[in-house]
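**Q**
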Amino acid sequence: MTRLSLRAKILPTGTEIDLDNVANKIGMSLKEGITLSKYTKEPLAFGLYFINAEFSLDDREGQMDSLENIVRSVEGVGEFEVLGMSRTSVNVT
Numbered sequence: 005m006t007r008l009s010l011r012a013k014i015l016p017t018g019t020e021i022d023l024d025n026v027a028n029k030i031g032m033s034l035k036e037g038i039t040l041s042k043y044t045k046e047p048l049a050f051g052l053y054f055i056n057a058e059f060s061l062d063d064r065e066g067q068m069d070s071l072e073n074i075v076r077s078v079e080g081v082g083e084f085e086v087l088g089m090s091r092t093s094v095n096v097t
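For the sequence shown, the numbering used here begins at 5 and goes up steadily by one.
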């Protein structure tokens, strides 16, 4: 099955939010076929940081909606924005 690599910007609800904790909660909440590959904390403005996350997911119907719904449901997440997406591999049999 084809896999997708998706980069996203995840903004916290405030400056007091522990971004590592938020990223861990997101990683533990993901459904089968979706993984949090890596993330970094990036400065936005005036002491506010965001999570620059890279997800790997199956290229099948409903995966994007599932990912967005899961991320938005995590406590401390204010906004979720897709920055880019591309195919990572194709299995040939």
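Even for Gly, the Cβ is constructed at its ideal location relative to N, Cα and C.
Grab the span of the alpha helix (DSSP H) containing R64 for me, first residue to last.
**A** As a working note, residue 64 is residue 60 in the sequence shown. It is not in any alpha helix (DSSP H) - R64 carries neither H nor E in the DSSP assignment.
**Q** Go through its chain and collect everything with a Cβ distance to V86's Cβ below 7 Å, but skip five positions before and after it.
**A** Within the sequence shown, numbered from 1, the residue matching residue 86 stands at position 82. Only L10 and A12 meet the Cβ criterion.
**Q** Could you say which of T39, F84 and L52 lies nearest to D22 if we only look at CA atoms?
**A** Here residue 22 refers to the residue found at position 18 of the sequence shown. Out of T39, F84 and L52, L52 has the C-alpha closest to the C-alpha of D22.
**Q** Are the segment 32-41 and the segment 66-85 touching, with three or more C-beta to C-beta distances below 8 Å?
**A** Touching, per the Cβ criterion.
**Q** Can you list, in chain order, the residues of its chain whose CB lies under 6 Å from that of T92, leaving out five sequence neighbours each side?
**A** Here residue 92 is taken as the residue at index 88 of the sequence shown, counted from 1. Hits under 6 Å: R7 and S9.
**Q** The alpha helix (DSSP H) with K29 in it runs from where to where?
**A** Within the sequence shown, the letter at position 25 stands for residue 29. L23 to S33 is the span of the alpha helix (DSSP H), which, as asked, contains K29.
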